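K.L.:
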Amino acid sequence: MTVEESIRRTIAKFANSFALGDWDLMESTLAKKLAIDYSDQPKETTGHEYAQGQREALELLNTQLILANVEIVVDGDQAEVRSSGAMLRVFKNLAFNTHSIYLFRLAQRENEEWVIDRIKQKVLWNEGDPNIHNGARNQQAPRRMGF
Numbered sequence: 499m500t501v502e503e504s505i506r507r508t509i510a511k512f513a514n515s516f517a518l519g520d521w522d523l524m525e526s527t528l529a530k531k532l533a534i535d536y537s538d539q540p541k542e543t544t545g546h547e548y549a550q551g552q553r554e555a556l557e558l559l560n561t562q563l564i565l566a567n568v569e570i571v572v573d574g575d576q577a578e579v580r581s582s583g584a585m586l587r588v589f590k591n592l593a594f595n596t597h598s599i600y601l602f603r604l605a606q607r608e609n610e611e612w613v614i615d616r617i618k619q620k621v622l623w624n625e626g627d628p629n630i631h632n633g634a635r636n637q638q639a640p641r642r643m644g645f
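Counting along the sequence shown from 1, when you hit position 55 you're at 553 in the numbering used here, and nothing is skipped either side.
(1) Give a yes or no on whether the C-beta atoms belonging to residue 614 and residue 512 are separated by under 8 Å.
(2) Provide the residue(s) that pair with residue 617 in DSSP beta bridges, ordered along the chain.
(3) Along the chain, where does the beta strand (DSSP E) that runs through residue 573 open and close?
(4) Would you please state the rounded distance, in angstroms, between the beta carbons of residue 603 and residue 631? I believe it to be under 8 Å.
(5) Would you mind reading off the limits of the alpha helix (DSSP H) that contains residue 550?
(6) Helix, strand or coil: which one does DSSP assign to residue 596?
(7) Spatial neighbours of residue 544 within its chain, please: C-beta separation below 7 Å, excluding the five flanking residues on both sides.
(8) Helix, strand or coil, according to DSSP, for residue 541 in the structure here?
(9) For a test of the three-state rule: what should DSSP assign to residue 514, helix, strand or coil?
(10) Just to confirm before moving on: does the CB-CB distance between residue 596 and residue 567 stay below 8 Å?
(11) Can you tell me which of the three DSSP states residue 524 falls into?
Take a look at the structure:
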């Protein structure tokens with residue numbers, strides 16, 4: 499498997515973990531220390547805390563994260579990935595979807611596996627009922643994000 503294929507596999511596992519509700523799978527794609535920037539208040543957390551936070555926020559919803567237009571730049575044992583994304587969330591007959599640009603940074607472990615150590619999201623637009631998703635209720639207007 500090439501480096502790029504290995505990176506794509508990590509990103510695909512991360513995205514598929516949302517639809518599968520497989521929070522252990524999600525955690526396996528994340529570094530122990532993780533930088534998250536979904537808002538104007540970036541934060542540091544652990545891969546475990548991030549996966550558990552997603553579980554708590556999304557466990558009652560049907561979800562799917564679709565990533566496309568994936569661009570990968572590798573620099574030694576680090577890589578940056580930029581992609582378009584759509585996070586689809588459904589609860590009963592209500593939906594709330596977020597269309598975004600994601601920037602992931604990955605690091606290569608000693609076993610040559612790639613893990614995500616940074617996730618940055620630029621929301622392009624939302625559609626639907628934000629009341630079904632805790633994280634969306636306090637979300638501010640979309641912001642500019644420099645790559």
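Beta carbons are placed, not taken as given, at the ideal position from N, Cα and C, and that holds for glycine. All values reported here derive from a predicted model rather than from experimental measurement.
P.N.:
A quick look at the data gives this:
(1) Locating residue 614 in the sequence shown gives position 116, where the first residue counts as 1. Locating residue 512 in the sequence shown gives position 14, where the first residue counts as 1. In contact: residue 614 and residue 512 (Cβ atoms closer than 8 Å).
(2) The sequence position of residue 617 within the sequence shown is 119, counting from 1. BP columns for residue 617 point to 534, 602.
(3) Looking up residue 573 in the sequence shown gives position 75. Segment 560 to 573, the beta strand (DSSP E) holding residue 573.
(4) One-based indexing of the sequence shown puts residue 603 at position 105. One-based indexing of the sequence shown puts residue 631 at position 133. Taking the Cβ atoms as the reference, residue 603 lies roughly 25 Å from residue 631, outside the contact range of under 8 Å.
(5) The residue given as residue 550 occupies position 52 in the sequence shown. Start and end: 545 to 556.
(6) Here residue 596 is taken as the residue at index 98 of the sequence shown, counted from 1. It is a strand residue.
(7) For the purposes of this step, residue 544 is identified with residue 46 of the sequence shown, where counting begins at 1. Hits under 7 Å: 530, 531, 532.
(8) Here residue 541 is taken as the residue at index 43 of the sequence shown, counted from 1. If DSSP states are grouped into helix, strand and coil, residue 541 belongs with the strands.
(9) Translated into the one-based positions of the sequence shown, residue 514 becomes position 16. Three-state DSSP puts residue 514 in a helix.
(10) Reading the sequence shown from its first residue, position 98 is the one you call residue 596. Reading the sequence shown from its first residue, position 69 is the one you call residue 567. Not a contact, by the Cβ cut-off of 8 Å.
(11) Translated into positions along the sequence shown, residue 524 becomes position 26. Residue 524 falls in the helix class under three-state DSSP.
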